[in-house]
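In the numbering used here, the protein residues as written are 21 to 257. One structure is given here, and the rest of the page talks about it.
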């Protein structure tokens, strides 16, 4: 996917529309690409990190060894820092494509730059771990909207067509968002996952909002140790 239609703020869609989720399974690759471009949203850090960091990593250390892709926001990106020495940290077999602050449309934007194709052809990715949607929960009393859920489904269908195994991990609670909003969002995400053949859902491990969090949203070292162990055991990776 080229950056021509989603490479600047001007290209950000102002009219994202949700289609029936079942239609995604029947879309041609060109139709899916068009939907991604229509729903993608530019963010400077998303673009800079993709072009200057992630592409460089794929050109270098990931060309042979990477078989695990982590894609999402800072929750996964911080395996590079807070959890750097854990199983999913800075390891030769892990390609971490997390970007802090990314919403679902921001991840779609990064896809439009060709991130997945580059990962497919320059690495040997077998499993993709997904964690997105937390940054889309911003309005108190509201779970993920219909449009946001559709954008999430676009993300899943694109990954499903590109890699053999996709695992979606549930959203964690946030201190600035009602727990019920996170619960409803996870229920909706899980429902969507169930409609995509070959895509797996993994619940989040139990976390203590006091002892496992660094701030209102991010896990601390103890939290990443719990999540790392959970992912390795549940996924067999």
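All C-beta atoms in this analysis are idealised placements derived from N, C-alpha and C, irrespective of residue type, glycine included. Keep in mind it's a predicted model, so treat the numbers as computed, not measured.
{"Check": "Residue 94 burial status per 10 Å Cβ neighbour count (16 or more: buried)", "Outcome": "buried"}
{"Check": "Closest Cα partner of residue 63 within the set 50, 123 and 161", "Outcome": "123"}
{"Check": "Three-state class that DSSP yields for residue 193 in the structure shown", "Outcome": "coil"}
{"Check": "Endpoints, the beta strand (DSSP E) within which residue 69 is located", "Outcome": "Element bounds for residue 69: not the beta strand (DSSP E) but the alpha helix (DSSP H), 64-69."}
{"Check": "Complete runs of the alpha helix (DSSP H) confined to the stretch 104-164 [at least 4 residues]", "Outcome": "124-132 and 135-142"}
{"Check": "Neighbourhood of residue 23 by C-beta distance below 7 Å, restricted to the same chain and skipping five residues each side", "Outcome": "Residue placement at residue 23 is poorly supported in this model, since its pLDDT is 40, which falls under 50; the coordinates still yield a value, given next. For residue 23, where only same-chain residues beyond five positions count, the Cβ hits under 7 Å are 132 and 133."}
{"Check": "Proximal residues to residue 87 (C-beta, below 8 Å), its chain only, five neighbours per side dropped", "Outcome": "113, 143, 144, 145, 146 and 147"}
{"Check": "Other residues of its chain near residue 246: CB distance less than 6 Å, five sequence neighbours each side excluded", "Outcome": "225"}
{"Check": "Paired residues, beta bridge with residue 261 - DSSP", "Outcome": "A question about residue 261 goes unanswered here, because the residues of the chain that appear run from 21 up to 257."}
{"Check": "Start-to-end residues for the alpha helix (DSSP H) that takes in residue 257", "Outcome": "Per DSSP, residue 257 belongs to no alpha helix (DSSP H) and is neither H nor E."}
{"Check": "Beta-carbon gap between residue 60 and residue 91 smaller than 7 Å", "Outcome": "no"}
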